[in-house]
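Colleague:
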Amino acid sequence: MPELPEVETTVKGLTVILNQKISNVKIHTPKLRFKIPNNIINILRNSKISNLRRIAKFIIIDLDTDYSLVIHLGMSGRLKTVNKSYKRIKHDHFVMYFLSKRILVYHDPRRFGFIDIVETKNLRKKKYILNLGVDALSPELSAQMIFEKISKSEVPIKQILLNQKLIAGIGNIYASEILFDSKISPLTLGKDLEISLIMKLIKSTRKILKKAVKYGGSSIRDFRSTDGTLGNFQSDFKVYNKEGKKIRGDEVRKIIQYGRSTFYCPKLQNNK
DNA sequence: CGTACGACCTGCCCGC
DNA sequence: TGCGGGCAGGTCGTAC
Numbered sequence: 087m088p089e090l091p092e093v094e095t096t097v098k099g100l101t102v103i104l105n106q107k108i109s110n111v112k113i114h115t116p117k118l119r120f121k122i123p124n125n126i127i128n129i130l131r132n133s134k135i136s137n138l139r140r141i142a143k144f145i146i147i148d149l150d151t152d153y154s155l156v157i158h159l160g161m162s163g164r165l166k167t168v169n170k171s172y173k174r175i176k177h178d179h180f181v182m183y184f185l186s187k188r189i190l191v192y193h194d195p196r197r198f199g200f201i202d203i204v205e206t207k208n209l210r211k212k213k214y215i216l217n218l219g220v221d222a223l224s225p226e227l228s229a230q231m232i233f234e235k236i237s238k239s240e241v242p243i244k245q246i247l248l249n250q251k252l253i254a255g256i257g258n259i260y261a262s263e264i265l266f267d268s269k270i271s272p273l274t275l276g277k278d279l280e281i282s283l284i285m286k287l288i289k290s291t292r293k294i295l296k297k298a299v300k301y302g303g304s305s306i307r308d309f310r311s312t313d314g315t316l317g318n319f320q321s322d323f324k325v326y327n328k329e330g331k332k333i334r335g336d337e338v339r340k341i342i343q344y345g346r347s348t349f350y351c352p353k354l355q356n357n358k
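In case it helps, the working numbering puts the first sequence at residues 87 to 358.
1. Nearest-angstrom Cα distance between G257 and G345?
2. Starting from V93 and walking both ways along the alpha helix (DSSP H), at which residues does that stretch end?
3. When we look at the beta-carbon of S290 and count the other beta-carbons within 10 Å, is it buried (16 or more) or exposed?
4. To which residues does DSSP link Q343 through a beta bridge?
5. Taking 6 Å as the limit between beta carbons, can you name the residues of its chain near I333, skipping five residues before and five after?
6. When we look at the beta-carbon of V93 and count the other beta-carbons within 10 Å, is it buried (16 or more) or exposed?
7. Taking the alpha-carbon of I126 as reference, which of L155, Q250 and H114 has the nearest alpha-carbon?
8. Out of S224, T167 and K143, which one is the CA nearest neighbour of H158?
9. At a cut of 8 Å, does the segment 123-142 reach the segment 214-221 through at least three beta carbon pairs?
10. Looking at L279 and P272, is the spacing between their C-beta atoms short of 8 Å?
11. For a test of the three-state rule: what should DSSP assign to R197, helix, strand or coil?
12. Would you call the CB atoms of F200 and R292 closer than 8 Å?
13. Excluding five sequence neighbours on each side, which residues of the same chain lie with their C-beta closer than 8 Å to the C-beta of T96?
14. Could you pull out every residue in the same chain whose Cβ sits closer than 6 Å to the Cβ of D107, ignoring the five residues on either side in sequence?
15. So does the segment 176-195 actually touch the segment 232-242, counting three or more Cβ pairs closer than 8 Å?
16. Please tell me whether N105 and R131 are closer than 8 Å, where the distance is taken between their beta carbons.
17. DSSP three-state call for E240: helix, strand or coil?
18. Leaving out five residues before and five after R188 in sequence, what residues of the same chain have Cβ atoms less than 7 Å from its Cβ?
19. So, at 8 Å on beta carbons, what are the nonlocal neighbours of I342 in its own chain, with the 5 sequence-adjacent residues on each side left out?
20. Using DSSP's beta-bridge definition, name the partner residues of D178.
21. Below 8 Å CB to CB, which residues in the same chain sit around I270 once its five sequence neighbours on both sides are set aside?
22. If we count the other Cβ atoms within 10 Å of its Cβ and call it buried at 16 or more, is I175 buried or exposed?
23. Give the secondary structure of N132 by DSSP, where H, G and I count as helix, E and B as strand, and everything else as coil.
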């Protein structure tokens, strides 16, 4: 998906609907990853958008009632905001119309994303939120805490970075980029990471993700923020999708870990 | 319990 | 040109 920076960029792009009143809602595809709740239309209609936020890779749209709309973009989900001239295209699954004539469209070819409506006070009790670890950009992310949680882990650090129960927000692209930046091999087992290396890893995590947010999300060549403009970070990938590229005398390699691609430089990423 | 892997989907790109 | 295979930003359920 959209990883943390793309979700953050999407949320920022949604400020155009802040305080706007929903006039109508259309569900064109009842089931995405999960079924869209039946009562969603009644709850959304005539309510106003009161707040927008991100929890890990989840988009939270708070209403001026007691409810919040939750959107996860899966692998290929996008939100676009358009004006009255909107023509529905393939994979536009869910559409919200505003009194202002602005329109919010959820578009998702693979339908791995989902849309939910929950009482705001119960949001943190939802399983998909409850199980999340500390946000990758939270100041509360500490090396000590991560060290304690992975000090017995036989799982390679690349896979650990993708575990949302530990650190939430990192996905497959930024995992490779973060490991390259911190000069840590993706193959290093959790139990073999000294605390000093974990500190380095956290530093790189903040550096890489903040930069990606600043540039408006990356990532994949066709990521667009809600107004349709492309993210700019793609030119900044050092290793992801760069198999064979030479970096300071080392060559980017592609390996498969747990069925997912990892890109890294074996000599540069030597944990020193 | 932690871990490993297939499943869920469509589209695109590559090689034959 | 067409077709089959493999791969793609994520996460969950199941089987050890």
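Beta carbons: idealized from backbone N, C-alpha and C, even for Gly.
Note that the structure is a prediction, hence the values are computed from the model and not measured.
Modeller: With the given structure in hand:
1. If you number the first sequence from 1, residue 257 lands on position 171. If you number the first sequence from 1, residue 345 lands on position 259. Cα to Cα, G257 sits roughly 14 Å from G345.
2. Taking the first residue of the first sequence as position 1, residue 93 is located at position 7. Note, V93: alpha helix (DSSP H), L90 to G99.
3. Counting from one through the first sequence, the residue named residue 290 turns up at place 204. It counts as buried.
4. Residue numbering aside, residue 343 sits at position 257 when the first sequence is read from its first letter. Paired residues: R346.
5. Within the first sequence, numbered from 1, the residue matching residue 333 stands at position 247. Here the set comprises C351.
6. Here residue 93 refers to the residue found at position 7 of the first sequence. When all chains shown are included, V93 counts as buried.
7. The residue given as residue 126 occupies position 40 in the first sequence. For the residues L155, Q250 and H114, the minimum Cα distance to I126 belongs to L155.
8. Residue numbering aside, residue 158 sits at position 72 when the first sequence is read from its first letter. For the residues S224, T167 and K143, the minimum Cα distance to H158 belongs to K143.
9. Three or more beta-carbon pairs drawn from the segment 123-142 and the segment 214-221 are found closer than 8 Å, and the two stretches are therefore classed as touching.
10. Stepping through the first sequence from its first residue, residue 272 is reached at position 186. Stepping through the first sequence from its first residue, residue 279 is reached at position 193. Going by C-beta atoms, P272 is not nearer than 8 Å to L279.
11. On the first sequence, position 111 is the one that residue 197 refers to. For R197, the three-state secondary structure derived from DSSP is coil.
12. Taking the first sequence and counting its residues from 1, the one referred to as residue 200 is at position 114. Taking the first sequence and counting its residues from 1, the one referred to as residue 292 is at position 206. Judged by their CB atoms, F200 and R292 are not nearer to each other than the 8 Å cut-off.
13. Position 10 of the first sequence, counted from the start, is the residue given in the question as residue 96. Excluding positions up to five away in sequence, the list reads P88, I145, L159, R164, L165, G303, S311 and T312.
14. The residue you call residue 107 lines up with position 21 of the first sequence. First, the residue type needs correcting, since residue 107 is Lys and not Asp in the sequence shown. Correct list, in chain order: K134 and L185.
15. Output reads no: the segment 232-242 does not touch the segment 176-195.
16. As a working mapping, residue 105 is identified with position 19 in the first sequence. As a working mapping, residue 131 is identified with position 45 in the first sequence. Going by C-beta atoms, N105 is not nearer than 8 Å to R131.
17. Here residue 240 is taken as the residue at index 154 of the first sequence, counted from 1. Here E240 sits in coil by DSSP.
18. The residue labelled residue 188 in the question sits at position 102 within the first sequence. Excluding residues within five positions, the ones whose Cβ falls inside 7 Å are V102, I103, Q106, T167 and N169.
19. Within the first sequence, numbered from 1, the residue matching residue 342 stands at position 256. Cβ contact annotation for I342 (same chain, cutoff 8 Å, sequence separation greater than five): T348, in chain order.
20. Counting from 1 along the first sequence, the entry for residue 178 is found at position 92. According to DSSP, D178 bridges with H193.
21. By one-based count along the first sequence, residue 270 stands at place 184. In chain order, I243, L279, L283, K286, L287, Q355 and N357 place their CB closer than 8 Å to the CB of I270, counting only its own chain and leaving out the 5 sequence neighbours on each side.
22. In the first sequence, residue 175 corresponds to position 89, counting from 1. Label assigned to I175: exposed.
23. In the first sequence, the residue the question calls residue 132 occupies position 46. In the three-state scheme derived from DSSP, where H, G and I count as helix and E and B as strand, N132 is classed as coil.
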